[in-house]
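Report on the following structure.
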Amino acid sequence: MVRVVLPHNLTTLAVTTKEVQLEVAGEVTQRTVLDALEARYPALRGTIRDSRTGVRRPLLRFFACEEDLSDEPPDAQLPEAVAEGREPLLIVGAMAGG
Amino acid sequence: MSSVRVLVGTRKGAFILNSDGKREQWEVSGPHFAGWEVYHLKASPADPDRLYASQSSGWFGQVLQRSDDGGATWDAVGNQFEYEGAVGEHKWYDGSPHPYKFARVWHLEPSLSDPDTVFAGVEDAALFKTTDGARSWQEVPGLRNHPTSGGWQPGAGGLCLHTIVLNPKDPEQMTIAISAAGVFKTDDGGKTWRPANKGLRSAQLPDEDAEVGHCVHHLARHPSRPDVLYMQKHWDVMRSDDAADSWREVSGNLPTDFGFVIDVHAHEPETVYVVPITSDSHHFVPDGKLRVYRSRTGGDEWEALTKGLPQQDCYVNVLRDAMAIDSLDSCGVYFGTSGGQVYASADAGDTWKPIVRDLPAVLSVEVQTFQ
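Chains as they are written, first to last, in this note's numbering: chain A, 1364 to 1461; chain B, 41 to 411.
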């Protein structure tokens, strides 16, 4: 199981918990994890990445294992610890305010 | 027993305010979609339990919500707004070409007869339509196909299509407004459009009476007389007696004719309301006094309505979609402010009371009347 931690506003939109667990078939990449996430929670389509192009929304970041993976190719494998469920993939909203 | 339901969109969620026909005691529910901007929510005239809401966020983009039970529960529905065909370019602030890019839905206008049909006015300016209850949206391409669209330029709030006025006597006619392109009108259900800005003069344009480029803030129409339209422009309050084919100024004795909202009494088509705002550089009411102005003569002659409204140290704004009118016998008027107050008058504006004082900044106010 892959663990994904969502920002608060997406947990309320999807009506789910902060951390969700997903079954991901095949390689565990940003794309396959987000595909599984959106299949489970259709309300999240378009809120993390563009529905048509798949491009990450500019004020969201993807973190895991203390690394910023946001600019990694969407089909690159995520760290083994994420694929094995030992570490979560964090979807994080950029800091705003002052 | 009569009642009203007021739908309030704010910078941080939506609120629903319910009262019986006396409009003295209010029940407040919300925030719905807490933390999200709700630019607009509106009910279907054909099914009062069907509500639509535009929920958006700089982080997470656009979400469209639909309720089938009067706002008790909501479902996220279709949020894909793809421009039809070649995306095209408009003019950017510096005059350079800039590709159209969807940002958010500013305004939702449900069909007068079909609860599953809704028009959406979006930024960057385009008109979208759903016929399946907001599960999917298609652009009405005729509008952006107009030859002037490459020259449309955003106002400070963006290049937004913010006003959609339907004609209850002619379903093929629709009038829309874009900041800062102006008014456009179709008589064939959206296939073709033409600018409808004759009579407007804007000192901010090199050609003051140009065909397009006017910063129209809002339009209002009384359902019994669809040929009469009222407009709050950036500066100037205007009136048309020929369904937007021409306009004349009716600012009259207003203390300032800058403003955003304009609306019409439910039973008196010549009774009009505006909230004058100091100027384009001072987006707050003049002299620290919150005053609604009412004309009972279709414009030109205006009276200040102040009873129950703050008359000192008040510096709020009232945005374009933040006024609504109910249709009870004693007509109710509602408006929301940038300070989070929603005021109601149950006597056509003679006296006012706040329903709520401390919401987030109000973006839109709509009201449903149940007789």
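The beta carbon of each residue, even a glycine, is placed where N, CA and C say it ideally should be. In this text, all values refer to a predicted model and were calculated from it rather than measured experimentally.
Problem - chain B residues whose Cβ lies nearer than 7 Å to that of G1456(A) - result: W99
Exercise for the section: Excluding the 5 residues preceding and the 5 following G198(B) in the sequence, name in chain order all residues of the same chain whose CB lies nearer than 7 Å to its CB. Expected result: A143 and E163
Exercise for the section: Check the Cβ-Cβ distances between W287(B) and every residue of chain A, and say whether any is below 9 Å. Expected result: no
Practice task
With DSSP collapsed to three states, give me the class of R1412(A).
Solution key: strand
Handout entry: T296(B) to H72(B) span [Cα, whole Å]
Key = 36 Å
Exercise for the section: Determine the closest residue to V290(B) out of P326(B), F300(B), H274(B) and T337(B), with distance taken between C-alpha atoms. Expected result: T337(B)
Handout entry: Spatial neighbours of Y374(B) in its chain, beta-carbon cut-off 6 Å, leaving aside the 5 residues before and after
Key = V46, A364, A384, V405 and V407
Problem - Check whether E124(B) and P181(B) have beta carbons under 9 Å apart - result: yes
Handout entry: Presumed contact (8 Å Cβ cut-off) between H80(B) and H147(B), rounded CB distance
Key = 5 Å
Handout entry: Nearest-angstrom Cβ-Cβ length linking S367(B) and A306(B), presumed shorter than 8 Å
Key = 4 Å
Exercise for the section: Could you work out which residue in T232(B), F121(B) and R261(B) is closest to R1415(A) when comparing CA atoms only? Expected result: F121(B)
Exercise for the section: Taking only the alpha-carbon atoms, compute the straight-line gap between W392(B) and R331(B) and give it to the nearest angstrom. Expected result: 10 Å
Exercise for the section: Give me the Cα-Cα distance between V1455(A) and D109(B), rounded to the nearest whole angstrom. Expected result: 33 Å
Exercise for the section: Could you tell me the distance, in whole angstroms, from the CA atom of G118(B) to the CA atom of V277(B)? Expected result: 36 Å
Exercise for the section: May I ask you to verify whether the stretch 243-260 of chain B touches the stretch 213-220 of chain B, counting CB pairs closer than 8 Å and requiring at least 3? Expected result: yes
Handout entry: Residue closest to T157(B), alpha-carbon to alpha-carbon, out of L240(B), A166(B), A165(B) and R175(B)
Key = R175(B)
Exercise for the section: Determine whether the Cβ of V103(B) lies closer than 9 Å to any Cβ atom of chain A. Expected result: yes
Practice task
Using a cut-off of 9 Å between C-beta atoms, extract the partners of Q178(B) located in chain A.
Solution key: None at all; the shortest Cβ gap to chain A is about 14 Å.
Practice task
Could you confirm whether any beta carbon from chain B is found closer than 9 Å to the beta carbon of S1414(A)?
Solution key: yes
Practice task
Return the residue from the list E341(B), K82(B) and W192(B) that minimises the CA-CA distance to L201(B).
Solution key: W192(B)
Handout entry: Residues that G75(B) contacts on chain A, provided the C-beta gap is smaller than 8 Å
Key = H1371, N1372 and T1375
Exercise for the section: Starting from E122(B), find everything on chain A with Cβ-Cβ shorter than 7 Å and list it in chain order. Expected result: R1415
Practice task
Check each candidate in K329(B), R360(B) and Y355(B) and name the one with the smallest Cα separation from L345(B).
Solution key: K329(B)
Problem - Which of helix, strand or coil DSSP assigns to P1405(A) - result: helix
Exercise for the section: For G1417(A), I'd like the list of residues in its chain whose CB is within less than 6 Å of its CB, leaving aside the five on either flank, ordered along the chain. Expected result: none
Handout entry: Supposed close pair R1420(A), R1408(A) - CB separation, criterion 8 Å
Key = So it is not a contact: roughly 12 Å between Cβ atoms.
Practice task
Measure the C-alpha to C-alpha separation of K1381(A) and P1370(A) and round it to an integer number of angstroms.
Solution key: 7 Å
Problem - Among T1374(A), R1394(A) and E1429(A), nearest to E1450(A) - alpha-carbon criterion - result: E1429(A)
Exercise for the section: Look up R1449(A) in the DSSP assignment and give the residues it is bridged to. Expected result: Bridge partners of R1449(A): none, in fact.
Practice task
Check the Cβ of R1420(A) against every Cβ in chain B and list those closer than 8 Å, keeping chain order.
Solution key: W99, F100 and G101
Practice task
Quick one: give me the first and last residue of the alpha helix (DSSP H) that T1375(A) is part of.
Solution key: H1371 to A1377
Practice task
Rounded to whole angstroms, what's the CA-CA distance from E308(B) to V268(B)? Just pull it up for me.
Solution key: 12 Å
Exercise for the section: Label P150(B) either buried or exposed according to how many other C-beta atoms from any shown protein chain fall within 10 Å of its C-beta, with 16 as the threshold for buried. Expected result: buried
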